[in-house]
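Just below is one structure, and these are the notes that go with it.
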Amino acid sequence: MMFEFQTPPQPAWEQVQVQEPPIAELAPPAWDLTVGLISATIQIDQNNGDGTRRVGTAFLIDAPRPDGTPRTVLVTAHHVLDGMSLRDARVGWRSEMPGGGWRFAPDPLRIRNDMGDPAWTKHPERDIAVMEISAPPVFARAAIPLAWLASGEDLDDWQVGPGDELLTLGFPRGYSSNTAGFPILRTGRIASWPLTPVRSFPTFLLDFPVFPGNSGGPVFWTPAARKLPGTVQPDHPFIAGVLTSEVRPSDEPLGIGVVAHAVYVREAIALLDAAPTVGQAR
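Okay, structure coming up:
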């Protein structure tokens with residue numbers, strides 16, 4: 095069941111209007127650390143016009159075009175973008191200030207053309223949306239390597255299964271971990287079996303409480319997460335999937351998230367090569 099993204103009014107810190115400084119030039123993130131995934135995860139939102147916002151989570155993938163030219167792709171759940179009816183959403187960039195501080199520095203993101211048609215590409219079967227964007231250089235460098243999107247074979251090779259701990263990033267109910275707009279990091283354990291073959295089991299369950307605003311967030315493994323004793327330890331972090339919904343058979347939530355396998359993100363990105371480039375952050 096999908097979320098209703100009726101969230102509280104913007105926190106006071108988001109209502110302050112300030113002059114936007116240039117995005118700071120930062121060193122590439124250390125990819126063996128969870129902070130690398132944090133750096134690539136951003137909030138996407140749109141005002142509803144009634145004092146509330148529709149909020150979701152997105153993350154960036156470094157996915158070069160077939161000719162090898164660089165390309166930064168934004169990934170989120172399709173229903174996040176589909177529920178935003180206006181032409182422009184807002185993407186939550188973050189900028190580093192002198193002295194080591196950070197602040198929230200959002201920009202408009204064109205998600206629909208003037209006719210109202212989507213600027214993103216939807217996976218034909220799954221709740222996954224991708225779109226090429228022009229990201230600030232620091233965020234383009236922070237984008238997650240395409241090779242880190244796990245395939246079904248990867249999950250089998252790495253012996254990923256029930257009880258394994260995965261991490262997830264998001265903006266539950268539109269809140270971030272601080273005023274700079276960094277996502278909130280949470281953990282959960284795989285709560286279903288089997289996970290593969292992916293075509294037979296296109297989603298899996300993660301045991302953690304899900305809130306509006308979490309949709310579209312990456313579900314991933316790094317060495318900071320725990321695997322069952324005696325199983326294979328991957329040699330690099332990987333994205334296992336995208337959080338798309340929660341299990342809610344009635345008005346009472348079960349505290350379980352639904353995750354679409356990362357292989358569907360790979361497939362959606364492949365569809366970009368056949369689609370025109372429409373959406374750009376500006």
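Every number in the working numbering is 94 more than the matching position in the sequence shown, counting from 1.
Ideal Cβ positions, reconstructed from N, Cα and C, are used throughout, including at glycine.
- Out of Val129, Val313 and Thr135, the CA that lies nearest to the CA of Thr338 is found in Val313.
- Comparing alpha carbon positions, the residue from Val359, Asp345, Ser133 and Arg342 closest to Ala234 is Ser133.
- For Ala362, the enclosing alpha helix (DSSP H) stretches over residues Val357 to Leu366.
- Linking Val357 to Ala171 through their CA atoms gives a straight-line distance of about 14 Å.
- Its Cα nearest to that of Phe276, the residue Ala199 stands out among Ala199, Trp214, Gly255 and Pro212.
- At a cut-off of 3 residues, the continuous stretches assigned as beta strand (DSSP E) that sit fully inside the segment 207-259 are 223-227.
- The three-state secondary structure of Thr146, taken from DSSP, is coil.
- Closest by C-alpha distance to Thr290, out of Asn308, Gly324 and Asp251, is Asp251.
- If you check the CB distance, Pro230 and Trp187 come in under 7 Å.
- With 16 or more other Cβ atoms inside 10 Å of its own Cβ, Gln140 counts as buried.
- When secondary structure is reduced to three states using DSSP, Val353 falls in the strand class.
- The three-state secondary structure of Pro158, taken from DSSP, is coil.
- Val174 is positioned such that its CB atom lies no closer than 7 Å to that of Ser270.
- Across the structure, Thr297 and Pro192 are spaced so that their CA atoms are roughly 43 Å apart.
- The C-alpha of Pro328 is placed about 38 Å away from the C-alpha of Arg147.
- Assigned with DSSP and collapsed to three states, Val167 falls in strand.
- Under the three-state reduction of DSSP, Val129 is assigned to helix.
- At the C-beta level, Val185 and Ile222 stay beyond 7 Å of one another.
- Look at Pro200 here: in three-state DSSP terms it is coil, with no helix or strand label.
- Per DSSP, reduced to three states, the secondary structure at Leu300 is strand.
- Separation of Ala152 and Pro347 (C-alpha to C-alpha, rounded to the nearest whole angstrom) is 23 Å.
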